Structure formats: structure tokens, C-alpha cells
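See below for the structure under consideration.
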Amino acid sequence: MSMSKTQVKTASVSHMQPVFGFIFLAVVILWGANFLETEMLFFRLLVGLGLGYALSRAYTGFAGSVNRAYTTGSTKLLRTLMFMFFISTLVTTAFLLNGDPTTFGLWINPINLGLIAGAILFGFGMSFSACCASGVLTDLVTALPRAFVTLIFFGMGVFLGFPIQRNSEFVTTTWFNSATFESGVFLPDLFKWDGLNGFIGALVLTAIFCGIVVFLSFKYERYRKQNKTYSGHFVEAQQDQPNTFDTKDYSLFSSETYHRLFVRPWTLKQGAVVITLIFALLMGVTKSGWGASTPYGFWFGKFLMLFGFSPEALATFTSGAPEHYSAPFFSHPVNTQNVGIMLGTIFFLLTANKFKQTFMSEMHLTKRELILFALGGLAMGFGTRLANGCNVGALYTPIAQFSLSGWIFLIFMVVGGIVGNKFAKAWFK
100 MSMSKTQVKT ASVSHMQPVF GFIFLAVVIL WGANFLETEM LFFRLLVGLG
150 LGYALSRAYT GFAGSVNRAY TTGSTKLLRT LMFMFFISTL VTTAFLLNGD
200 PTTFGLWINP INLGLIAGAI LFGFGMSFSA CCASGVLTDL VTALPRAFVT
250 LIFFGMGVFL GFPIQRNSEF VTTTWFNSAT FESGVFLPDL FKWDGLNGFI
300 GALVLTAIFC GIVVFLSFKY ERYRKQNKTY SGHFVEAQQD QPNTFDTKDY
350 SLFSSETYHR LFVRPWTLKQ GAVVITLIFA LLMGVTKSGW GASTPYGFWF
400 GKFLMLFGFS PEALATFTSG APEHYSAPFF SHPVNTQNVG IMLGTIFFLL
450 TANKFKQTFM SEMHLTKREL ILFALGGLAM GFGTRLANGC NVGALYTPIA
500 QFSLSGWIFL IFMVVGGIVG NKFAKAWFK
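Count along the sequence shown from 1, add 99, and you get the number used in this note's numbering.
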């Protein structure tokens, strides 16, 4: 979630926004419970609300792992993501240890040229737009012009990439696989001898991978500090302020209690724990993972239908199904979940009394910014089709579900992010 310095200041005394916030939440829940077609769609809406709230209140996101490190020198977000990745694999272990992994829709993605190229493109694009597939949803509330331009071209990139994703061998076939899944490498398959069906070895290997990233992050941050190019991130500084709460002053109905419950930013680790818990709930109920980017291509297709294109013509071009474009918007679970992420962001900002100042803070857009954000969205969208996912679908969920592909995506996403940040810096000189 991208935020300006003015957006994280303590809220003013006005109570109108918080009141509207709770009314807003009640309306959303009542609407979902009564008008969505199935209980599963309502569940997806609630998951989205939770994710949007957590991403916003912790001022966190996947794109910032590279962008913050490059622009400020701070690698705290990247290190926190490693913590989140590891505890998420513990959740996956709890689900799979005594079960059959093939009964879950695990995201064991192919390892191939498409994964590498897609990760580079995605990292390149997210450095331009300062967001990713999930971050663009929160940023539609916090930075509307940038996020809206990014989302339009993100959808275009996904739509144009559909035929390649579905028909090109360099995207569909894998160079390596393991015994359980033909689609890719499932890490527990490499350690079947460990006495716990491979999960001890997979967890240890994941811990080693996370440790390597954390080690390199500290080395990089030290280098930036030694060279006096470290500025730190203003949000992280506020998140790290000590909690001065004293129980002797506790009162349930007080501004201090309200501020602590609804306004005070969560730390990055608090956000990571909440997101992991929501991921656990999502995986337990759906037996799958968290994805966000594929529906953006469907949204772009629905936009093209306004100009006379039929669902059948769109399906023919994309090698997909006409129902993706003709079905009601809220009949698709990820559509509903993605909207929930936006609504969760609105709920946080209203209850934190920050909606007005945040929504109006980034309304100006220059031509150079517009071009850069459009390129960012297009690169990310097309990259997701080559890599079979975004930062949640090709990075977080695969790593959490023990797919080697997620770690390969991380490496090349970082490469793309560094190159993209260098390009963006030169672009605005």
C-alpha cells in the first residue's frame, strides 16, 4: 500500500468518518449476506475485507519489498515478508501433513522461461506503478489516478497474455517436477526420507531460503547506511514508535482506546500475522490459495464488450470460456474477493478518520507519470500470464504451499524491480 507522509498522521477529532465507517461496514456485510448468490461468494467478500484492512492498516504490500529497499535503503518489509512466508508454510503443513496434497488445489507452478521472463516483467512494472496486483486494489482508494491508470493497462496486459499463457509451451511446460505434481517441484517430495513425509526437510529448506534473503537484506541495508544513502521509510518509523499504553489509565469508552483499536498503525509483523491467518482460513475453506490478477483480464474483456465485441469473440482470442465475460460480475469468487480488498481499505481509512485526506492526497497526474504508470500496468499484467501469477499467485501462495517456483519468481522479480527503479529514476530526471 503506497501512502504519503500526510496520510499516516494521527486523525483529527472529528467523529463523522468513523461513524460512516461502521455504517459502511454494516451495509457491505448486509449486502453480501443477502444479495451474493452463494455462501462461498459471501465468504470471499469477507476474506477480501480482511485482506484490504490488514494491508492498509499495516501499510504493507509486496511491491514495497523491492521499491522501499531501492528508494530508502530499508529492507524491513522484505525481511517481514520472509517471516510471513515461513509461518505460512507452517499453516500449509498443518493442512497437508496427514492428508493428500493432490486433493488441494495447490499452486505448484511450472519452472520455465515464462516464469523467469514474467517475474522480470512484473518486477519491472511494479517499480513503475508502486504497487502490484493486490496493491493496486488498495491504491484505488489511496492514490486513485495512479492506480486507475495502472489497473486499466494491467487488465490489458492480462488480456493480451491469455493466449500465450494457455497455448505456449514455454509457459505451460516445466523444466523440473517432482513425484506428487507433474506441474512443478513440491518441496516435500525432495525429503521423503525425513520421517515426516518430507515436511521437516521442506520447512528447513524454506527457513534456509528465508534466512538467506534476510542475511542479504541486512548486508544491503548496512551498505546503504555506510554510504549515507539510507533514509529509512517514514511509515516504518511511525509503526516502530513505542506503545505508551498503561492499564491504569484504561477506559473502554475513551479516545485513547479507540485510537489503539482502530487508528494506530499495525507493525509490519502484526500485519503479516493477520494476513497469514486469513490465508489459513482461505486455504482451509477453499483448499486453494490467494490469487488476484486473472480477473483483471476478464474486466478488460467486459470493457471491450461495450464496443461491440461478443463474449464468444473474446473467448476465441483468449482461448478461454465465454462465461468469463458474460457471467455476472459478482459470480466470480476472485472478483468478489478483490472488491472486498478495496472495501476493506475504505473501512480502515474511515474508521481511522483518514479517508478524506488520503483519498484527495494524490489527485494530480502528469503526462510523464501517466505514461510510466501505463507501462507499469501493462508490464505487470503481461508478466502475470507468463509467470502464471502475480506477487500473490506466483510468489506468496506458491512459497506458502512449498512450490520451488515461488523462490525463482522472487529472484527474478527483484532483478526486474531493480532495473525498473533505475529506469524510473532516470525517467523523472
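Virtual Cβ for every residue (Gly too), placed ideally from N, Cα, C.
The model shown is predicted, which means the values in this text are computed figures rather than measured ones.
Exposed or buried, R265, counting other C-beta atoms within 10 Å across all chains shown (16 or more means buried)? exposed
Per DSSP, the bridge partner or partners of F285: S502
When DSSP labels each residue in this structure, what does G300 get in the three-state scheme? helix
For the segment 354-434, list the alpha helix (DSSP H) runs that are entirely contained and at least 4 residues long, ordered along the chain. 354-357, 367-385, 393-404, 410-417, 422-425
Are the CB atoms of L239 and F252 nearer to each other than 8 Å? L239 is not a Cβ neighbour of F252, given a cutoff of 8 Å.
Does the Cβ of F527 have 16 or more other Cβ atoms within 10 Å, making it buried, or fewer, making it exposed? That one is exposed.
Let me know the secondary structure DSSP gives C309 once reduced to three states. helix
Between Y495 and K347, what straight-line distance do the alpha-carbon atoms span, to the nearest angstrom? So the two alpha carbons sit approximately 42 Å from each other.
If you draw a straight line from the C-alpha of F428 to the C-alpha of A125, how long is it? One Cα belongs to F428, the other to A125, and the distance between them is close to 22 Å.
Between the alpha carbons of Q337 and Y424, how many angstroms are there, rounded? 44 Å
Assuming V513 and V165 make a contact with CB atoms under 8 Å, what is their CB distance in whole Å? 6 Å
Under 8 Å between the Cβ atoms of G515 and I219? Contact: yes.
So, at 6 Å on beta carbons, what are the nonlocal neighbours of G439 in its own chain, with the 5 sequence-adjacent residues on each side left out? L144, G147, L148
Quick one: what does DSSP say Y158 is sitting in, helix, strand or coil? coil
Taking E268 as part of the alpha helix (DSSP H), name the residues at either end of that continuous run. Residues 268-271.
For M512, name the three-state secondary structure that DSSP assigns. helix
Neighbourhood of Y329 by C-beta distance below 8 Å, restricted to the same chain and skipping five residues each side: Apart from sequence neighbours up to five positions away, the residues of its chain that approach Y329 with a beta-carbon distance below 8 Å are T171, G172, S173, E320, R323, ordered along the chain.
Helix, strand or coil: how does DSSP classify Q337 here? Look at Q337 here: in three-state DSSP terms it is helix.
Could you check what DSSP says for E461 in three-state terms: helix, strand or coil? coil
What distance in whole Å lies between the Cβ atoms of Y395 and G222, which are believed to be in contact at a cut-off of 8 Å? Their Cβ separation, rounded to whole angstroms, is 18 Å, which puts G222 and Y395 out of contact at 8 Å.
Using the three-state DSSP reduction, which class does S187 fall into: helix, strand or coil? helix
Alpha carbon of K108 to alpha carbon of T457, nearest angstrom: The predicted position of K108 is uncertain, since its pLDDT is 46 and thus under 50; a value taken from the coordinates is nonetheless stated next. If I take the Cα positions, the gap works out to 10 Å.
Is it right to say T237 is buried, meaning 16 or more other beta carbons lie within 10 angstroms of its own, or is it exposed? buried
Residue of F227, F406, T241 minimising C-alpha distance to E470: Per the sequence shown, residue 470 should be read as Ile rather than Glu. Answer by Cα proximity: F227.
Between G131 and L448, what straight-line distance do the alpha-carbon atoms span, to the nearest angstrom? Rounded to the nearest angstrom, the two C-alpha atoms are 21 Å apart.
Buried versus exposed, by CB contacts within 10 Å (16 or more), I307: exposed
Outcome for Q106 when other beta-carbon atoms lying within 10 angstroms are tallied against a minimum of 16: Confidence at Q106 is low in this model, with a pLDDT of 48, below 50, so the placement of that residue should be treated as unreliable; the coordinate-derived value is given next. The residue is buried, with at least 16 neighbouring Cβ atoms inside 10 Å.
Using only CA atoms, which one of F481, G120, F141, F123 lies nearest to N434? F141
Determine the extent of the alpha helix (DSSP H) in which I207 is found, giving its start and end residues. Neither: I207 is in no alpha helix (DSSP H) and is coded neither H nor E.
Could you say which of M382, E468, G482 lies nearest to T188 if we only look at CA atoms? M382
May I ask you to verify whether the segment 192-207 touches the segment 496-504, counting CB pairs closer than 8 Å and requiring at least 3? Result yes; three or more Cβ-Cβ pairs closer than 8 Å.
In angstroms with no decimal places, state the Cα-to-Cα distance between V518 and G419. 33 Å
Nearest-angstrom Cα distance between M115 and F333? 27 Å
Quick one: residues in its chain with C-beta nearer than 6 Å to the C-beta of Q436, no 5 flanking neighbours on either side, listed in chain order? R143, V146, G147
List the whole-angstrom C-beta distance separating G163 from S233, where the pair is believed to meet the contact cut-off of C-beta under 8 Å. A Cβ-Cβ separation of about 11 Å leaves G163 out of contact with S233 under the 8 Å criterion.
Can you tell me whether V235 is buried or exposed? The criterion is at least 16 other CB atoms within 10 Å of its CB, across all chains shown. buried
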